[in-house]
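Residue numbers (full-length UniProt numbering): 1 to 213.
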């Protein structure tokens, strides 16, 4: 589960099952059993991961270009797509899509009612997308909308008991999966990885802004 709950709508996957130029996986490729988070250090080790082969191929086509950024971005994209594919399995069993769960999760973790605009910011989504998801979740009895007593033009959204049960039922399976994926890394490595990703994310959010899906 990501630190922020927004992500590309296709999870970094491409159509047609072919490897992407940046090392992303095919849409129908599942996470291999026991797979961890791949690492790269400038010059990939032969056979280490699929991104290493992608980089070697691009170096052959453009020998004068620095492919160093691809070794990092490609692996981040691939890790994100593979992790999402496996993480979404518990959501599918619960009858939820990833965007729907992101919205329910925002309400659960903040512990308060949120306006549609606040939900859009919390989930890095557009207002139109949030409106559509709220309509679907309301029809299923997972959220409730009510008018703000101070401003009837504004709606507030809260989880129902069924909505809270849905979130609480999915979270343990997701966290167990994440723990299993990271189990091959020791404490210091995990701390360093978390710090580096936090620094990169902070820079990207400041420079590019949050994507809206």
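Glycine residues also receive a C-beta, built at the ideal position from the N, C-alpha and C atoms.
Is residue i helix, strand or coil by DSSP?
i	result
residue 193	helix
residue 145	strand
residue 114	strand
residue 220	Residue 220 lies beyond the range of the chain shown here (1 to 213); nothing can be said about it.
residue 49	coil
residue 102	helix
residue 134	helix
residue 127	helix
residue 140	coil
What's the call for residue i, buried or exposed, on a 16-neighbour Cβ count within 10 Å?
i	result
residue 146	exposed
residue 154	exposed
residue 172	exposed
residue 99	buried
residue 52	buried
Our contact map puts residue i next to residue j with C-beta atoms below 8 Å; I'd like the distance itself, whole angstroms only.
i	j	result
residue 175	residue 108	The pair is not a contact, with the Cβ atoms about 14 Å apart (cut-off 8 Å).
residue 74	residue 54	6 Å
Beta strand (DSSP E) containing residue i: first to last residue?
i	result
residue 151	151 to 159
At the 7 Å Cβ level, is residue i part of the contact set with chain B, yes or no?
i	result
residue 104	Note that chain B does not occur in the displayed structure, where there is just one protein chain.
For the alpha helix (DSSP H) containing residue i, name the first residue and the last one.
i	result
residue 84	68 to 93
residue 97	Unbroken run through residue 97: none, as it is neither H nor E.
Which same chain residues end up closer than 6 Å to residue i when comparing Cβ atoms and leaving out the 5 residues on each side of it in sequence?
i	result
residue 104	163 and 167
If you drop the 5 nearest sequence neighbours on each side, which residues of the same chain put their C-beta closer than 7 Å to that of residue i?
i	result
residue 217	What the structure shows of the chain is the stretch from 1 to 213, and residue 217 is not part of that stretch, so it cannot be assessed.
residue 131	116
In its own chain, which residues sit with a C-beta less than 8 Å from the C-beta of residue i, not counting the 5 before and 5 after it?
i	result
residue 180	none
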